Amino acid sequence: MRLSQLLQHLYGRAHLSDMNFCDAEVFGIEMDSRQVRPGDIFIAISGYASDGHSFIDDAVNRGAVAVIGEKELQTAVPYFQVIDSRKALGKLSSFFYGMPAHKHKIIGITGTNGKTTVAYMLRHILETAGRTCSMLGTVSYIINNEKYKPTNTTPDSLQLQRLLSLSNDEFVVLEISSHALSQHRVEGLEIDYGVFTNLGHDHLDYHHSMNDYFLSKCSMFSHLKESGKAVINRLNEWGDKLAGLLKTDDIPVITLGNSHNDYLRIENIRLNGRTRFTLDYQGRKYEVSLQYPGLHNVHNAAIAFLAASDIGIDPETSFAALESFKGVPGRFEVIEHPEGAKFIIDYAHTDDAIEYCLQAARQQGATKITHIYGFRGARDRTKRESMIAASVKLSDRFIMTFDDLNGEEEHKMEQELIHLNMLYGNGKGEVLPDRTLAIQKAWSTAKKGEWVFITGKGPEEYERPFTLPVKSDKDACEYLLDGFKEKAGIC
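Here the sequence shown is numbered in the UniProt record's numbering, starting from 1 and rising by one per residue.
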């Protein structure tokens, strides 16, 4: 592709005619100077940890034929100044890879909780219906049925467009985080369906207020294709507000809610044993059954069904898929303790998500609930008190331990946990910094009927070593289970 073609897409034909540059052949686009090869364009991003403008000389020395950045500079190759390098990267990446969103049906999912579960449910429904589906999200990137380790919940715009161009699948389900939206990682992306799950207290270290957080989520719907639709959960107050805003912009909105004006309503929810409920959709009522427990998963299943139905998947196929859905790695993942207790691994890291998990245990008849969790360093401190309040309200005891410290000093985090436990623990909590020893302690005392929740990391590997030779919460439970079997002589 010629440099002039890319710049015309970025600036427009009229503005391009005023520029004087050598029209080189472009073989690639890079935002990391270390990855630049001869014939590439280098996009200098003003990042949070480092400034890409500092690496322009390195990119040029490696063969960059042009540079795009935000600062007024003179370089050894043609340099083009833009207002926002991140936006430019998204637009150029999409064009360079042939506007790959146009060859797929793109389903973007945003919300505080439920994004991953809804994404997996939707993919399972589509594949049950015989359709092919890629997925990009927190747990995994799946392209043409091949799994890749994710870099972020939502990849940067360059990686996103590369992955979309590689996919031969009809559908792509994409989790879209508020960080990705505010950092323009989905610039250049066009989506067919925008799904909103809910909004709760999270990431206020980054967004500073719930309204800013909400507005960031709202921006996903500016990426809808002309024929695109919004699928909104109005059972959440922010979803109700969002639906109203989108309707004023004449965006087609399909809603889950309690009103007769909603496309889908949930009735007769039964949460004891197998989760069962009734869906009222277009004048017909359907009985649904899930293997996955909890009211929040009723909502997740309903919003996945609603999106799938508008796509054209018949209800019976969707319900069969939902009934056979076995869950998501690291989301309410159950390990059976030999004494009859249940250990549950979950990613829950907000007060709402913690309440969903612990309430599900009560609804399933747990005789005792133990909760193991911590807080990530250098992250939203304002939600810590509400997370403890949720645990105090719904658990019988809890152990506060280390999560990822992200540079915070260990002794300071330990003192923080002790302080918070003294203030808000209500006599139910204790602090044990070593995460694996906290799990081991709960394991050694677990009894029949007890549910032990280990939340915050889900399938993620530990960033630091702990006492037990394991890499994750699930590894820790399986290590302890293997130790019990070995001691008991069970093969």
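Positions of the beta carbon are idealized from the N, C-alpha and C atoms, including for glycine.
As the structure is a computational prediction, the values presented were derived from the model and not from experiment.
Nearest-angstrom Cα separation, counted from residue j out to residue i
i, j, result
"Ser-289", "Thr-151", "34 Å"
"Leu-122", "Val-231", "13 Å"
"Cys-491", "Arg-34", "Here the model assigns Cys-491 a pLDDT of 48, short of 50, so the residue's position is not dependable and the matter cannot be decided."
"Ala-389", "Tyr-373", "13 Å"
"Asn-258", "Trp-238", "15 Å"
"His-299", "Pro-315", "16 Å"
"Leu-199", "Leu-279", "23 Å"
"Arg-381", "Gln-291", "35 Å"
"Thr-317", "Leu-306", "13 Å"
"Leu-6", "Val-173", "28 Å"
"Arg-2", "Ser-94", "15 Å"
"Asn-426", "Val-392", "7 Å"
"Ile-399", "Thr-370", "8 Å"
"Ala-321", "Thr-112", "24 Å"
"Ile-107", "Ile-311", "10 Å"
"Glu-175", "Thr-116", "7 Å"
"Glu-336", "Gly-483", "14 Å"
"Ile-43", "Arg-37", "13 Å"
"Asp-84", "Asn-211", "24 Å"
"Leu-181", "Ser-219", "7 Å"
Where the beta strand (DSSP E) through residue i begins and ends
i, result
"Val-67", "66-69"
"Cys-133", "133-136"
"Ala-230", "224-233"
"Val-173", "171-175"
"Gly-28", "28-30"
"Gln-81", "79-81"
"Asp-380", "Neither: Asp-380 is in no beta strand (DSSP E) and is coded neither H nor E."
"Thr-455", "450-455"
Close-in-space but distant-in-sequence residues of the same chain around residue i (CB under 8 Å, 5 per side omitted)
i, result
"Gly-294", "Leu-271, Thr-275, Phe-332, Tyr-356, Cys-357, Gln-359, Ala-360 and Gln-363"
"Asp-262", "Arg-234, Thr-255 and Leu-256"
"Glu-339", "Ala-446, Lys-447 and Lys-448"
"Gly-39", "Ala-24, Glu-25, Val-26, Phe-27, Gly-28, Gly-63 and Val-65"
"Val-328", "Thr-116, Thr-117, Tyr-120 and Val-139"
"Glu-323", "Val-288, Ser-289, Leu-290 and Gln-291"
Contacts around residue i, its chain only, beta-carbon distance under 7 Å, and the 5 residues preceding and following it disregarded
i, result
"Val-253", "Ala-230, Ile-232, Ala-243, Leu-246 and Lys-247"
"Met-413", "Gly-377, Phe-402 and Leu-405"
"Ile-72", "Checking the sequence shown, residue 72 turns out to be Glu, not Ile. So the qualifying residues of the chain are Gln-81."
"Thr-240", "Checking the sequence, you will find Asp at residue 240 rather than Thr. So the qualifying residues of the chain are Arg-234."
"Ile-142", "Ser-134 and Met-135"
"Leu-10", "Ala-88, Lys-91 and Leu-92"
"Pro-158", "In the sequence under discussion, the amino acid at residue 158 is Leu, which differs from the Pro named in the question. Correct list, in chain order: Ile-29, Met-31, Leu-89 and Ser-93."
Classification of residue i by the beta-carbon crowding that lies within 10 angstroms, buried from 16 upward
i, result
"Tyr-148", "exposed"
"Met-135", "buried"
"Leu-423", "exposed"
"Arg-435", "buried"
"Leu-163", "buried"
"Ile-334", "The residue you asked about is not Ile; residue 334 is Val in the sequence shown. With fewer than 16 Cβ atoms within 10 Å of its Cβ, Val-334 is classed as exposed."
"Thr-445", "exposed"
"Lys-91", "buried"
"Cys-22", "exposed"
"Arg-397", "buried"
"Phe-221", "buried"
"Gln-282", "exposed"
"Lys-326", "exposed"
"Gln-74", "exposed"
"Asn-421", "buried"
"Ser-209", "exposed"
"Asn-297", "buried"
"Ala-366", "buried"
"Gly-429", "buried"
"Asp-192", "buried"
"Ala-438", "buried"
Bounding residues of the alpha helix (DSSP H) (the contiguous stretch that carries residue i)
i, result
"Gln-282", "Per DSSP, Gln-282 belongs to no alpha helix (DSSP H) and is neither H nor E."
"Tyr-347", "No alpha helix (DSSP H) contains Tyr-347, which DSSP labels as neither H nor E."
"Thr-117", "115-128"
"Asp-58", "56-61"
"Asp-240", "237-248"
"Asp-351", "351-363"
"His-53", "No alpha helix (DSSP H) holds His-53; DSSP gives it neither H nor E."
Neighbourhood of residue i by C-beta distance below 6 Å, restricted to the same chain and skipping five residues each side
i, result
"Trp-443", "Leu-480"
"Val-195", "Ile-109, Val-231 and Ala-307"
"Ile-41", "Val-26, Ile-29 and Ala-66"
"Thr-304", "According to the sequence provided, residue 304 is Ala. The question's Thr does not apply to it. If we look at Ala-304 and ignore the five residues flanking it on each side, its Cβ neighbours are Val-118, Met-121 and Leu-122."
"Ser-177", "Thr-153 and Thr-154"
"Asp-58", "Ser-33"
"Ala-129", "Ile-313 and Thr-317"
**OP:** Please confirm if the region 409-422 is in contact with the region 448-460, defined as three or more CB-CB distances below 8 Å between the two stretches.
**Re:** Because the criterion of three Cβ pairs below 8 Å is not met, the region 409-422 and the region 448-460 do not touch.
Subject >> Three-pair Cβ contact test at 8 Å for the region 468-478 versus the region 333-352 >> reply: Cβ pair count under 8 Å is three or more, so yes.
**OP:** Evaluate contact between the region 93-101 and the region 161-181, counting only Cβ atoms and requiring at least three cross-stretch pairs below 8 Å.
**Re:** The answer is yes - the region 161-181 touches the region 93-101, with three or more Cβ pairs under 8 Å.
**OP:** Tell me, please, whether the region 176-190 touches the region 60-73 by the rule of three or more beta-carbon pairs shorter than 8 Å.
**Re:** The region 176-190 vs the region 60-73: no contact.
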